[in-house]
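The numbering of the sequence shown is this note's numbering, which starts it at 211 and goes up by one. Notes to accompany the following structure.
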Amino acid sequence: MQTVFPKANAGGVPANVVTRRDVPPGGGAGTRYAAVCAHAYTIAGGVFALAAFIATAERHFDRAFVFLALALVVDATDGMLARRLAVAIHWPDIDGERLDALVDFLTFVVVPAFLAVVAGVLPKPAFLWAAAMVVASLVRFSRRRTKESGRFHYLPSCWNILVFYAFYLRPPFVVVGVSIAVIIALMFTPGRFPHPILQASRHVHLAVATPAVLLGLGVIVRVLPARPWLLVSLMYPAFYGAHAAWLTLDNAARTRSAASRLRRLFSVIIGNYLRASYAR
């Protein structure tokens, strides 16, 4: 998310390369100092992950989820800030995309898996379930081509969300186990999973996600009871899943339609060739 740029670039420059011609004259928002601040903002997500890890080790679980929520806010906004400040030009020595992936792996995988084990929300043996979460995420993070046009090709790691609901709702272990298995399966199943911020319908996602996040924060700070309000907040995971299913099915239909048109085209070409051959 840190260094996603437009697909096309004038003058034959590769799509993922930003040149100084793309920066407003006079520096604009892009200064080296601003680029440093943008990277520092992303790094803050890693600091929040460390704070959540320490809070978990001390069994202050509410505090740990607050830090994970702060890290989530950083992750949702640092990419827009990096693109606005053109950090790829003003501090090219730092790979913002790799930095973002490292922070994401901490906040979305390592800390939630550790929290799940310590808080006792995983089925037995808890270590094996946590290891499955980490191993699947390692493979998912290692894929070369995972996102384009604001959509992921595979489900992103979302263990922080699963562990959050498992901790406060305390569903049966079988529900937690099935949920982990489904998420891992989707992480290896090609599809179309929307990025909540980087795709065209982001305003709809934000409109649905914002109340869900506020309800979650209310539960974390013990202002709201968990059982009724977190069930209501599941509206966003349900909405996200429905949107991802629609995008995946729509893409499959388009692919089948394109393949059908290609087959018809080849049939016409071959038919014309055969008729021309018989005519001779």
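Quick reminder that beta carbons are idealized off the backbone N, C-alpha and C, glycines included. Please read these numbers as outputs of a predicted model, since none were measured by experiment.
DSSP has residue i in a bridge; who is on the other side?
i	result
arginine 402	Per DSSP, none; premise fails for arginine 402.
glutamate 157	The first residue shown for the chain is 211 and the last is 490, placing residue 157 beyond what the model contains.
With H, G and I counted as helix, E and B as strand and the rest as coil, what does DSSP make of residue i?
i	result
tryptophan 301	coil
threonine 266	helix
leucine 295	helix
valine 284	helix
alanine 239	Here the model assigns alanine 239 a pLDDT of 43, short of 50, so the residue's position is not dependable, and the following value carries that caveat. It is coil, neither helix nor strand.
serine 411	coil
leucine 444	coil
tyrosine 251	helix
proline 435	coil
I'd like to know whether the C-beta atoms of residue i and residue j end up nearer to each other than 8 Å.
i	j	result
alanine 244	leucine 295	yes
arginine 402	arginine 361	yes
valine 320	valine 345	no
alanine 491	alanine 329	Here the chain comprises residues numbered 211 to 490, so residue 491 is not present and cannot be evaluated.
valine 373	proline 406	no
proline 335	glycine 387	no
phenylalanine 324	tryptophan 369	no
proline 404	histidine 363	no
alanine 265	alanine 281	no
histidine 300	arginine 242	yes
Inset, instruction - Could you pull out every unbroken alpha helix (DSSP H) segment of at least 4 residues lying fully inside the stretch 322-391, listed in chain order? - result: Entirely contained in the stretch 322-391, the alpha helix (DSSP H) runs reaching 4 residues are, in chain order, 336-352 and 369-379.
Legend entry - Touching by the beta-carbon criterion (3+ pairs, under 8 Å), the stretch 429-438 and the stretch 303-317: Taking one beta carbon from each stretch, the stretch 429-438 and the stretch 303-317 have fewer than 3 pairs nearer than 8 Å; the two do not touch.
Legend entry - Inter-stretch contact (C-beta, 8 Å, three-pair minimum) for the stretch 344-360 and the stretch 301-310: With the cut-off at 8 Å, the stretch 344-360 and the stretch 301-310 do not touch.
Inset, instruction - May I ask you to verify whether the stretch 288-303 touches the stretch 257-275, counting CB pairs closer than 8 Å and requiring at least 3? - result: Segments in contact, no.
Legend entry - Cβ contact (3+ pairs, closer than 8 Å) linking the stretch 417-432 and the stretch 381-397: Not touching, per the Cβ criterion.
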